Amino acid sequence: MLSSIFEPSSIAVIGASNNELKWGGMIIKNILSGYRGAVYPVNPKEKEVQGLVSYPSVLDIPYDVELAITAIPAQLILQAVENCGKKGVKGLVVLTAGFSETGKSGAKLEKQLVSLVRKYGMRMIGPNTLGIVNEPFNLNASVIGKLPRPGHISFITQSGTLGLAIADWTIDMGLGLCKIISTGNKADTDDVDLIKYLDNDPSTGVIAMYIEGINRGKLFLETARRIQKPIIVIKTGRSKRGQKAVFSHTGSIAGSDEIYSAAFKQAGILRVDTIDEVFDAALAFTCQPLPRGNNVAILSNGGGASIVAADECERQGLNIVDLTQETRDKIKAVIPEYASSSNPVDTAGTVSFKIYTESIKALLRDPNVDALIVIYVHTQLSNAIPPAEAVVEIKLKCDKPVIACWMGGAGTEQGVDILKSGCLPNYSVPERAVKALAALVKHRDFLNTAKTDDPMPENPEA
Amino acid sequence: MSLILTEHETKKLLAKYGIAVTKESIAENSEEAFAIASQIGTPVAMKISSPDISHKSDLGGVELNVVASDAKATYEAILSRIKKAAPDARIEGILVQQMAPSGHEMIVGLKKDAQFGYALMFGLGGIFVEVYKDVSFRVVPIGMKEAMDMISQIKGYPILKGIRGRKPADINAIATVLVSVSEMAQKENIIELDINPLIAGEDGAIAVDARAMIER
Numbered sequence: 002m003l004s005s006i007f008e009p010s011s012i013a014v015i016g017a018s019n020n021e022l023k024w025g026g027m028i029i030k031n032i033l034s035g036y037r038g039a040v041y042p043v044n045p046k047e048k049e050v051q052g053l054v055s056y057p058s059v060l061d062i063p064y065d066v067e068l069a070i071t072a073i074p075a076q077l078i079l080q081a082v083e084n085c086g087k088k089g090v091k092g093l094v095v096l097t098a099g100f101s102e103t104g105k106s107g108a109k110l111e112k113q114l115v116s117l118v119r120k121y122g123m124r125m126i127g128p129n130t131l132g133i134v135n136e137p138f139n140l141n142a143s144v145i146g147k148l149p150r151p152g153h154i155s156f157i158t159q160s161g162t163l164g165l166a167i168a169d170w171t172i173d174m175g176l177g178l179c180k181i182i183s184t185g186n187k188a189d190t191d192d193v194d195l196i197k198y199l200d201n202d203p204s205t206g207v208i209a210m211y212i213e214g215i216n217r218g219k220l221f222l223e224t225a226r227r228i229q230k231p232i233i234v235i236k237t238g239r240s241k242r243g244q245k246a247v248f249s250h251t252g253s254i255a256g257s258d259e260i261y262s263a264a265f266k267q268a269g270i271l272r273v274d275t276i277d278e279v280f281d282a283a284l285a286f287t288c289q290p291l292p293r294g295n296n297v298a299i300l301s302n303g304g305g306a307s308i309v310a311a312d313e314c315e316r317q318g319l320n321i322v323d324l325t326q327e328t329r330d331k332i333k334a335v336i337p338e339y340a341s342s343s344n345p346v347d348t349a350g351t352v353s354f355k356i357y358t359e360s361i362k363a364l365l366r367d368p369n370v371d372a373l374i375v376i377y378v379h380t381q382l383s384n385a386i387p388p389a390e391a392v393v394e395i396k397l398k399c400d401k402p403v404i405a406c407w408m409g410g411a412g413t414e415q416g417v418d419i420l421k422s423g424c425l426p427n428y429s430v431p432e433r434a435v436k437a438l439a440a441l442v443k444h445r446d447f448l449n450t451a452k453t454d455d456p457m458p459e460n461p462e463a
Numbered sequence: 025m026s027l028i029l030t031e032h033e034t035k036k037l038l039a040k041y042g043i044a045v046t047k048e049s050i051a052e053n054s055e056e057a058f059a060i061a062s063q064i065g066t067p068v069a070m071k072i073s074s075p076d077i078s079h080k081s082d083l084g085g086v087e088l089n090v091v092a093s094d095a096k097a098t099y100e101a102i103l104s105r106i107k108k109a110a111p112d113a114r115i116e117g118i119l120v121q122q123m124a125p126s127g128h129e130m131i132v133g134l135k136k137d138a139q140f141g142y143a144l145m146f147g148l149g150g151i152f153v154e155v156y157k158d159v160s161f162r163v164v165p166i167g168m169k170e171a172m173d174m175i176s177q178i179k180g181y182p183i184l185k186g187i188r189g190r191k192p193a194d195i196n197a198i199a200t201v202l203v204s205v206s207e208m209a210q211k212e213n214i215i216e217l218d219i220n221p222l223i224a225g226e227d228g229a230i231a232v233d234a235r236a237m238i239e240r
């Protein structure tokens with residue numbers, strides 16, 4: 002059961018160290034920083050590790066151990082895992098590297114490792130992983146030193162170092178994460194197992210993934226089709242062409258990347274191109290309801306920004322919808338005579354709580370409008386706070402998605418903080434805001450076209 | 025082991041799945057060529073049939089618009105060219121074939137994929153596929169709805185709907201071909217398949233040339 006890995010009642014750290022610069026020291030330090038269960042260091046050379054009694058072997062621990070984390074050299078791994086099996090350990094996180102990623106002999110060792118894991122009915126993340134984080138459980142069984150705040154986005158990454166970078170970056174972004182899973186070589190637990198687990202995990206709202214390759218492709222698609230939570234994927238290797246034209250035209254055109262794109266679309270998986278987009282979209286999912294359709298209204302105090310947004314809408318397949326006369330009349334009543342009450346609505350530089358409140362209200366009540374993008378462009382003459390207060394106040398009473406874009410950086414901070422406090426993520430430029438909204442629309446489409454309520458497919462071993 | 029099917033063998037496979045193919049038969053001598061041509065109704069296309077020759081026209085192995093009275097001479101001419109160009113090729117005979125009807129040329133293909141099983145490809149033929157790579161993909165199996173999506177997704181879709189006085193293509197018939205190809209992928213152990221071109225008029229779609237590599 003993967004719950005033994007993500008929600009263990011006790012943890013042994015094999016290869017635990019007093020040196021916090023070593024992985025075995027770093028990981029135990031990170032576990033101790035929040036985890037409330039029992040922690041048992043295992044290191045035959047130490048009597049004590051970071052203030053805890055150290056055991057020569059996992060078999061010497063006089064208590065039950067649910068999860069074991071290994072930070073020992075590859076040549077010691079089989080014995081250690083055999084001991085874990087005998088001890089009745091349920092889950093393993095194998096940080097140890099030197100397996101299939103290194104070549105043939107490593108691949109052989111990995112096979113032996115997997116058969117041991119299966120012999121004892123354990124589950125394993127790794128090998129060659131940087132660990133796992135489960136924020137709602139206060140578990141940081143990884144080498145990530147500083148965690149972002151808890152949230153609902155769970156991130157599965159095949160690249161460990163990318164996981165580290167993302168964690169730091171999400172801190173800056175103010176993004177909340179639920180789980181961070183560095184999959185390593187996916188020798189036992191793979192993407193299929195993980196998305197299934199996260200689907201059943203009540204604290205995960207959005208699944209974000211960095212993928213280089215998938216082990217069980219067909220099963221992955223069939224599983225993803227049955228998951229209603231958004232799955233956002235960045236899949237690398239776009240530039241690689243398929244094999245050369247050996248036989249057919251089809252063979253020469255159908256590179257693996259084209260096939261990935263088609264497959265993801267069929268399974269209702271959102272494929273994005275950049276890391277920014279993964280988290281921009283994920284953030285929108287955690288804070289916003291799904292729109293009914295793709296009809297968008299834009300409100301801005303600057304014409305340029307709203308045109309940039311409208312252009313991006315066009316590229317993303319979003320429709321800049323015609324507003325009803327009633328909506329336009331309501332907006333006309335609050336904006337200057339020379340401003341535009343048609344979509345995109347442009348207040349011609351004027352900003353006030355009243356202008357934004359009345360305009361947003363009118364736009365969200367318009368039956369033609371499915372989603373709203375509110376832009377504020379900072380100038381020396383305007384104040385970022387009142388429009389932010391306006392959008393937050395109305396947002397609380399509304400079931401249509403509202404995406405905010407407060408442009409200008411310095412000077413907008415207080416406004417952005419107000420947005421955040423109302424669960425309104427801020428996107429620093431209109432294109433990012435539009436792409437995030439487009440992700441919501443695409444997922445809504447997927448729910449109607451690609452997803453199914455059928456029971457999960459059988460799960461044969463990898 | 026992989027096995028390359030000739031055009032005629034590939035079409036027999038397609039016909040098994042209800043896909044319309046050109047009327048054709050293999051002539052093993054010039055008399056037969058004349059007889060088949062007369063029966064199909066001329067003009068006909070004549071193509072060398074050999075498991076060893078995949079680019080038939082490059083070697084002078086194809087003649088189009090052959091009338092019945094020329095069938096015998098054409099048979100001998102193709103054969104002598106091939107014997108010079110590819111002396112070691114195994115020759116089954118010459119495929120005598122109904123000339124392609126006019127209509128929209130498309131490509132339909134299959135490729136076995138290590139990750140997802142099979143990828144099905146659809147696009148407009150000729151320069152559209154070669155230069156613009158205006159194609160769509162799906163992982164099989166697919167149903168009619170997805171087949172329709174595949175067709176409407178390509179940039180050249182308006183062409184199929186009929187623009188500037190061109191007649192529209194029978195989209196439903198094309199979609200049916202896609203579903204049939206999707207169905208045969210696994211059953212026939214296909215490694216790669218091209219139907220190129222599939223020609224669609226206002227009523228129906230027909231496989232005019234095709235080749236396949238299968239797993240034995």
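Protein chains in written order, with the working numbering: chain X, 2 to 463; chain L, 25 to 240. Note that CB positions come from ideal geometry on N, CA and C, so glycine has one too. Values in this document were obtained by computation on a predicted structure and should not be read as measured data.
Determine, using beta carbons only, whether K236/X comes closer than 8 angstroms to chain L.
Counted from its first residue, the first sequence places residue 236/X at position 235. No - not a single Cβ of chain L is within 8 angstroms of the one on K236/X.
Please determine, among S73/L, K96/L, K108/L, M123/L, the residue with the shortest C-alpha to C-alpha distance to I64/L.
Within the second sequence, the letter at position 40 stands for residue 64/L. Checked all of S73/L, K96/L, K108/L, M123/L; the closest Cα to I64/L is M123/L.
Quick one: what's D218/L bridged to in DSSP?
Working through the second sequence from its first residue, we reach residue 218/L at position 194. Note: D218/L sits in a beta bridge opposite G133/L, R235/L.
Does any residue of chain L bring its CB to less than 8 angstroms from the CB of F447/X?
If you number the first sequence from 1, residue 447/X lands on position 446. Not an interface residue.
At the 8 angstroms Cβ level, is E49/X part of the contact set with chain C, yes or no?
The structure shown contains no chain C; the protein chains it does contain are X and L.
Distance check for N31/X and V144/X, CA to CA, integer angstroms please.
Translated into the one-based positions of the first sequence, residue 144/X becomes position 143. Translated into the one-based positions of the first sequence, residue 31/X becomes position 30. Approximately 7 angstroms between the Cα atoms of the pair.
With a threshold of 8 angstroms, are at least 3 pairs of Cβ atoms found where one atom belongs to the segment 432–450 of chain X and the other to the segment 195–206 of chain L?
Three or more beta-carbon pairs separated by less than 8 angstroms are not found between the segment 432–450 of chain X and the segment 195–206 of chain L, which leaves the two stretches without contact.
For N139/X, collect the residues of the same chain with a Cβ closer than 8 angstroms to its Cβ; drop the 5 residues on either side in sequence, then sort them by chain order.
As a first step, residue 139/X is located in the first sequence; it is residue number 138 there, counting from the start. Its chain contains G35, Y36, R37 as the residues whose beta carbon lies nearer than 8 angstroms to that of N139/X, once the 5 sequence neighbours on both sides are disregarded; these appear in chain order.
Looking only at its own chain, which residues have a Cβ that is under 8 angstroms from the Cβ of S26/L, when we skip the five neighbours before and after it?
On the second sequence, residue 26/L is found 2 positions in, with the first residue counted as 1. Excluding residues within five positions, the ones whose Cβ falls inside 8 angstroms are I215, M237, I238, E239, R240.
Would you mind stating whether K396/X and G423/X have Cβ atoms separated by less than 8 angstroms?
The sequence position of residue 396/X within the first sequence is 395, counting from 1. The sequence position of residue 423/X within the first sequence is 422, counting from 1. In this structure, G423/X lies closer than 8 angstroms to K396/X by Cβ.
Of all the residues that make up the segment 130–144 of chain L, which are near chain X by a beta-carbon distance shorter than 7 angstroms?
I131, G133, L134, K135, D137, Q139, F140, G141, A143
Mind pulling the chain L residues with CB within less than 8 angstroms of S106/X?
Position 105 of the first sequence, counted from the first residue, corresponds to residue 106/X. Correct list: empty, because the minimum Cβ distance to chain L is about 24 angstroms.
Quick test of your reading: K236/X and R293/X, contact by CB under 8 angstroms. State the CB separation rounded to the nearest angstrom.
Here residue 236/X refers to the residue found at position 235 when the first sequence is read from its first residue. Here residue 293/X refers to the residue found at position 292 when the first sequence is read from its first residue. Wrong, their Cβ atoms sit about 29 angstroms apart, outside the cutoff.
How long is the line joining the alpha carbons of P458/X and R227/X, rounded to whole angstroms?
Here residue 458/X is taken as the residue at index 457 of the first sequence, counted from 1. Here residue 227/X is taken as the residue at index 226 of the first sequence, counted from 1. Whole-angstrom Cα-Cα distance: 9 angstroms.
I need the straight-line Cα distance from E129/L to T328/X, nearest angstrom please.
Along the second sequence, one-based indexing puts residue 129/L at 105. Along the first sequence, one-based indexing puts residue 328/X at 327. Distance between the alpha carbons of E129/L and T328/X: 49 angstroms.
Residue from E390/X, N84/X, G107/X, A283/X whose Cα sits closest to the Cα of K120/X:
Translated into positions along the first sequence, residue 120/X becomes position 119. Measuring from the Cα of K120/X, the nearest candidate turns out to be N84/X.
Using only alpha-carbon positions, find the residue among G152/X, S353/X, G161/X that is nearest to P203/X.
As a position in the first sequence, residue 203/X is number 202, starting the count at 1. Closest option to P203/X, Cα to Cα, is G152/X.
Flag this pair as yes or no: are the beta carbons of G269/X and F447/X separated by less than 8 angstroms?
For this step, residue 269/X is matched to residue 268 along the first sequence. For this step, residue 447/X is matched to residue 446 along the first sequence. For G269/X and F447/X, yes; Cβs fall inside 8 angstroms.
With a cut-off of 8 angstroms, does the C-beta of A463/X fall near any C-beta of chain L?
As a first step, residue 463/X is located in the first sequence; it is residue number 462 there, counting from the start. Residue placement at A463/X cannot be trusted, given a pLDDT of 42 that sits under 50; what the coordinates show is reported in the next sentence. Judged by the 8 angstroms Cβ criterion, A463/X is not in contact with chain L.
Distance CB(N295/X)-CB(G318/X) smaller than 8 angstroms:
Residue numbering aside, residue 295/X sits at position 294 when the first sequence is read from its first letter. Residue numbering aside, residue 318/X sits at position 317 when the first sequence is read from its first letter. Yes, the pair counts as a contact, with Cβ atoms nearer than the cut-off.
Segment contact flag, the segment 15–23 of chain X with the segment 43–60 of chain X, C-beta cutoff 8 angstroms, min 3 pairs
Yes, they touch.
Whole-angstrom Cβ separation of I374/X and I356/X, contact assumed at under 8 angstroms?
For this step, residue 374/X is matched to residue 373 along the first sequence. For this step, residue 356/X is matched to residue 355 along the first sequence. I374/X to I356/X, Cβ: 16 angstroms. No contact.
Three-state secondary structure assigned by DSSP to P337/X
In the first sequence, counting from the first residue as 1, residue 337/X sits at position 336. Note: P337/X maps to coil in three-state DSSP.
Residue of S353/X, K180/X, P368/X minimising C-alpha distance to A385/X:
Walking along the first sequence from the start, residue 385/X turns up at place 384. Closest by alpha carbon: S353/X.
Interface flag, F152/L vs chain X, CB-CB below 8 angstroms:
Locating residue 152/L in the second sequence gives position 128, where the first residue counts as 1. For F152/L, the answer is no, since every Cβ of chain X falls outside 8 angstroms of its Cβ.
Tell me the DSSP secondary structure of K245/X in three-state form.
On the first sequence, position 244 is the one that residue 245/X refers to. Only weak support is given to the placement of K245/X: the predicted model assigns it a pLDDT of 49, under 50, and the value that follows is read from those uncertain coordinates. Coil, per DSSP.
Nearest-angstrom beta carbon gap, A340/X and D347/X [assumed within contact, 8 angstroms]
By one-based count along the first sequence, residue 347/X stands at place 346. By one-based count along the first sequence, residue 340/X stands at place 339. D347/X to A340/X, Cβ: 6 angstroms. Contact.
For C288/X, three-class secondary structure by DSSP:
Indexing the first sequence from 1 puts residue 288/X at position 287. Helix at C288/X.
Through-space distance from A439/X to E278/X, alpha-carbon basis
Along the first sequence, read from residue 1 onward, the residue named residue 278/X stands at position 277. Along the first sequence, read from residue 1 onward, the residue named residue 439/X stands at position 438. When rounded, the distance between both Cα atoms is 11 angstroms.
Strictly by DSSP, which residues pair up with C406/X?
Residue numbering aside, residue 406/X sits at position 405 when the first sequence is read from its first letter. C406/X is bridged to I376/X.
Under 8 angstroms: do the segment 105–125 of chain L and the segment 223–232 of chain L share three or more Cβ pairs, one atom per stretch?
Under the Cβ criterion (8 angstroms, minimum of three pairs), the segment 105–125 of chain L counts as touching the segment 223–232 of chain L.
Use the C-beta contact count for Y99/L: other C-beta atoms within 10 angstroms, 16 or more gives buried, fewer gives exposed.
Mapped onto the second sequence, residue 99/L falls at position 75. Result: buried.
Which residues share a DSSP beta bridge with N296/X?
The residue labelled residue 296/X in the question sits at position 295 within the first sequence. The partner list for N296/X (beta bridge, DSSP) reads N320/X.
Could you check if D233/L is buried or exposed, using at least 16 other CB atoms within 10 Å of its CB as the buried criterion?
The residue given as residue 233/L occupies position 209 in the second sequence. When all chains shown are included, D233/L counts as buried.
What does the alpha-carbon distance come out to for the pair K245/X and D367/X?
Locating residue 245/X in the first sequence gives position 244, where the first residue counts as 1. Locating residue 367/X in the first sequence gives position 366, where the first residue counts as 1. Because K245/X sits at a pLDDT of 49, beneath the cut-off of 50, its placement in the model cannot be relied upon, and the point is left open.
So which residues of chain L does A264/X contact, with C-beta pairs closer than 7 angstroms?
Stepping through the first sequence from its first residue, residue 264/X is reached at position 263. Those are F140, V163, listed as they occur along chain L.
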